[in-house]
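A quick write-up on the structure given underneath.
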Amino acid sequence: MIADRYDAFLFDLDGVLYRGADPVPGAAESLARLRSIGKRIAFVTYNSGLTPTAVAERLRSVGVEARADEVETSALTTAAVLSGRGVGLVYVVGEIGLVEALTQAGVHVLDGEPERVDAVVVGWDRGADYTKLRTASVLVERGATLVATNADPSFPAADGTRWPGAGALLAAIETTTGVRGEVIGKPHAPLLLAALERAGGGTPLLVGDRLDTDIAGAAGLGWDSMLVLTGIDDRDRAASSMVRPTYVAED
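Residue numbers (our numbering): 3 to 253.
This is how it looks when you write it as structure tokens:
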């Protein structure tokens, strides 16, 4: 049994446990079985727009048992990294989850059109407009460090279409300024290591739907991974990818 090989199971959300407002069939039951045999679970998401409490509520709305302290978001990890570096002032292209995480970590978020900041932080932002992207670009050109919670260009909607992700907004600023942003979230180690810590450590299995972030991130840490075919990537992409998951599951 695959579950016997691992202590902790780290689950991505979009395309793995739900698509939009719809649950992925069988996902809630699979997690319930893991809990019933004593396996530890954490939820890890590149979605910087939601707080851990909101993520847990959303999971419960699709039938998945979840607590806020089991959730690691790219916003939390990014805030912890920037706070640890002594970053004081930032401009945010992002939503409440990112703003709250930064504020709680002691990083001051400036609104409007500030003259200068230490860093521009980019996350998922459904309210992003030209003015916000212009302000972010100008601040980067004035010397602000460009940081992103993740570089996922898209995420799967309930109807199977792809919607722009934080990576799409990051790309706009990078293209404008010629500056390459530093990505804190998947596939980079800080987010995944923080999620494993939430799960209590041990030998992990990462379950995700993207080869370029979920599976690549696990591979970079020497972890096993499972690609589920309910989100972005399919079996053909998995077969041709340089990054190979340990397991591939239809659902």
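Ideal Cβ positions, reconstructed from N, Cα and C, are used throughout, including at glycine.
The alpha helix (DSSP H) that contains residue i, what's its start and end?
{"i": "Thr255", "result": "In this structure the chain extends from 3 to 253, so residue 255 is not present and cannot be described."}
{"i": "Tyr132", "result": "132-143"}
{"i": "Thr105", "result": "98-106"}
{"i": "Ala5", "result": "Unbroken run through Ala5: none, as it is neither H nor E."}
{"i": "Glu67", "result": "Neither: Glu67 is in no alpha helix (DSSP H) and is coded neither H nor E."}
{"i": "Pro54", "result": "54-63"}
{"i": "Leu36", "result": "29-38"}
Can you tell which of the options has its C-alpha closest to the C-alpha of residue i?
{"i": "Ala30", "options": "Arg128, Ser50, Ala68", "result": "Ala68"}
{"i": "Ala138", "options": "Val250, Ser227, Phe157, Asp113", "result": "Asp113"}
{"i": "Glu117", "options": "Thr105, Leu100, Glu143", "result": "Glu143"}
{"i": "Leu141", "options": "Thr151, Ala82, Leu91, Gly167", "result": "Leu91"}
{"i": "Ala23", "options": "Gly40, Ile98, Leu61, Ala168", "result": "Leu61"}
{"i": "Glu72", "options": "Ile39, Ala196, Pro247, Asp214", "result": "Ala196"}
{"i": "Ser85", "options": "Ala103, Phe157, Gly96, Val245", "result": "Ala103"}
{"i": "Ser227", "options": "Arg239, Ser242, Tyr249, Gly233", "result": "Tyr249"}
{"i": "Glu59", "options": "Glu199, Ala70, Asn49, Ser50", "result": "Ala70"}
{"i": "Ala251", "options": "Tyr8, Gly28, Gly187", "result": "Gly28"}
{"i": "Val123", "options": "Glu115, Asp154, Thr133, Thr80", "result": "Thr80"}
{"i": "Arg182", "options": "Pro206, Ala218, Gly204, Gly145", "result": "Gly145"}
{"i": "Ser50", "options": "Ile186, Gly108, Thr147", "result": "Ile186"}
{"i": "Arg7", "options": "Ile39, Ile234, Thr205, Ala218", "result": "Thr205"}
Residue i: buried (16+ other C-beta within 10 angstroms of its C-beta) or exposed?
{"i": "Tyr20", "result": "buried"}
{"i": "Arg42", "result": "buried"}
{"i": "Met3", "result": "exposed"}
{"i": "Arg164", "result": "exposed"}
{"i": "Ile175", "result": "buried"}
{"i": "Val63", "result": "Here the sequence assigns Ser to residue 63, which means Val is not the residue at that position. Ser63 should be labelled exposed."}
{"i": "Tyr93", "result": "buried"}
Can you tell me which residues form a DSSP beta bridge with residue i?
{"i": "Ala221", "result": "Per DSSP, none; premise fails for Ala221."}
{"i": "Glu74", "result": "Val46"}
{"i": "Ala197", "result": "According to DSSP, Ala197 bridges with nothing at all."}
{"i": "Ala121", "result": "Val92, Thr147"}
{"i": "Leu251", "result": "First, the residue type needs correcting, since residue 251 is Ala and not Leu in the sequence shown. DSSP, once it has assigned bridges, lists Val230 as partnering Ala251."}
Residues in its own chain within less than 6 Å of residue i by CB, not counting five upstream and five downstream?
{"i": "Glu184", "result": "Val149"}
{"i": "Ala221", "result": "Val245"}
Can you list, in chain order, the residues of its chain with a C-beta nearer than 7 Å to that of residue i? Leave out the 5 residues immediately preceding and following it.
{"i": "Gly202", "result": "Ala10, Arg42"}
{"i": "Asp14", "result": "Val46, Thr47, Val209, Gly210, Asp211, Asp216"}
How would you write the range of the beta strand (DSSP E) that residue i sits in, first residue to last?
{"i": "Glu115", "result": "Note, Glu115: premise wrong, no beta strand (DSSP E); not H, not E."}
{"i": "Pro1", "result": "Given a span of 3 to 253 for the chain in the structure shown, any question on residue 1 remains unanswerable."}
{"i": "Ser243", "result": "Ser243 -> no beta strand (DSSP E), and no H or E assigned at all."}
{"i": "Thr232", "result": "Careful: Thr232 lies outside any beta strand (DSSP E) and carries neither H nor E."}
{"i": "Ala10", "result": "10-13"}
With a threshold of 8 Å on Cβ separation, who are the neighbours of residue i within its own chain once the five nearest residues in sequence on each side are excluded?
{"i": "Pro25", "result": "Leu19, Val64, Gly65, Val66"}
{"i": "Ala130", "result": "Val95, Leu171"}
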